[in-house]
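In my numbering, the protein residues as written are 15 to 279.
Beta carbons: idealized from backbone N, C-alpha and C, even for Gly.
A short write-up of the structure that comes next.
Right under this line is the structure:
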């Protein structure tokens with residue numbers, strides 16, 4: 015089975031397309047967890063316990079784990095999520111020449127999918143694309159305000175660069191394992207990209223703390239019902255002011271987002 019086959023099964027099982035971003039900012043982890051051996055893992059475990067019934071996927075961002083204790087925390091987090099039957103998409107945004115990319119692709123020995131930067135071309139992505147059972151989400155039109163600086167540049171053909179990325183992704187999807195990262199903060203562009211690639215699932219960030227368009231995220235982000243709408247800070251820090259019970263608010267936030275998105279599914 016491909017990653018997207020497994021993701022479809024998970025979406026059906028929990029009736030949710032919510033991706034929960036596990037970005038345990040050390041400055042925001044509750045104080046009572048800081049004395050733990052691995053505070054980030056202790057935090058994530060409580061978030062997973064509170065949200066897994068509503069999670070189609072977990073999306074840890076590698077930037078929050080890139081130190082020895084962090085990688086240990088990430089390994090524990092992924093194993094625990096798998097124990098709850100939830101797939102894990104590692105938000106690592108990797109992209110480099112082939113030799114280096116092969117090393118980065120080893121991350122897929124642990125995670126089920128990864129985000130990758132396509133701007134070095136096909137050969138930099140090949141080590142990921144050839145992992146036929148793993149998912150590879152390519153950056154296309156991101157949710158941050160500065161994304162337009164490069165992604166909206168007009169090519170000689172008259173199309174913006176992000177549309178060319180989408181079209182190339184379609185040609186690279188020979189194993190049915192390619193997705194695109196397309197933000198909910200630009201709903202018109204989200205709709206345009208969907209017209210270009212009707213069969214590729216999207217990972218749609220920006221619905222939570224960034225205030226993206228939830229309806230557009232569902233209408234255009236899903237391909238035959240498969241895709242992910244991500245919220246990170248809006249879920250994991252929902253109970254930031256609630257001390258040891260912080261995770262309860264996270265569970266409620268995940269449930270509410272699921273219900274909100276399901277209005278449009």
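Figure out for me which residue from the options has the closest Cα to the Cα of residue i.
i, options, result
"residue 196", "153, 221, 183 and 160", "153"
"residue 140", "114, 165 and 208", "114"
"residue 189", "169, 145 and 163", "145"
"residue 78", "244, 104 and 93", "104"
"residue 202", "279, 20 and 157", "157"
"residue 164", "171, 279 and 155", "155"
"residue 235", "39, 125 and 32", "32"
Using a Cβ-Cβ cutoff of less than 8 Å, which residues in the same chain neighbour residue i once the five nearest sequence positions on both sides are dropped?
i, result
"residue 182", "132 and 136"
"residue 30", "68, 69, 70, 272, 275 and 276"
"residue 111", "134, 137 and 138"
"residue 83", "52 and 54"
"residue 279", "31, 232, 236 and 239"
"residue 206", "177"
Looking only at its chain, what residues have a beta carbon closer than 6 Å to the beta carbon of residue i, apart from the 5 residues adjacent to it on each side?
i, result
"residue 260", "44 and 253"
"residue 47", "53, 56 and 57"
"residue 72", "34, 36, 95, 100 and 102"
"residue 283", "Residue 283 falls outside the range modelled here, since the chain spans only 15 to 279, and no answer is possible."
"residue 211", "180 and 184"
"residue 124", "92"
Roughly how many angstroms separate the alpha carbons of residue i and residue j, rounded to a whole number?
i, j, result
"residue 179", "residue 50", "43 Å"
"residue 241", "residue 232", "8 Å"
"residue 169", "residue 138", "22 Å"
"residue 263", "residue 250", "8 Å"
"residue 106", "residue 129", "6 Å"
"residue 89", "residue 176", "33 Å"
"residue 12", "residue 85", "Since the first and last residues shown for the chain are 15 and 279, residue 12 lies out of range."
"residue 22", "residue 239", "8 Å"
"residue 247", "residue 217", "16 Å"
"residue 20", "residue 213", "16 Å"
"residue 256", "residue 269", "18 Å"
"residue 122", "residue 116", "10 Å"
"residue 204", "residue 171", "20 Å"
"residue 87", "residue 97", "15 Å"
"residue 38", "residue 81", "13 Å"
"residue 74", "residue 258", "22 Å"
"residue 108", "residue 120", "11 Å"
Can you pull the DSSP bridge partners for residue i?
i, result
"residue 127", "103 and 149"
"residue 28", "None; residue 28 has no bridge partner."
"residue 174", "168"
"residue 245", "34"
"residue 71", "33"
"residue 216", "194"
"residue 155", "196"
"residue 108", "130"
"residue 240", "237"
Quick one, are the C-beta atoms of residue i and residue j less than 8 Å apart?
i, j, result
"residue 101", "residue 24", "yes"
"residue 166", "residue 174", "yes"
"residue 265", "residue 91", "no"
"residue 162", "residue 148", "no"
"residue 142", "residue 194", "no"
"residue 18", "residue 215", "yes"
"residue 187", "residue 16", "no"
Ignore the nearest five residues each way along the sequence and tell me which others in residue i's own chain have a CB closer than 7 Å to its CB.
i, result
"residue 94", "59 and 62"
"residue 76", "104, 105 and 106"
"residue 226", "157, 197, 198, 199 and 220"
"residue 26", "none"
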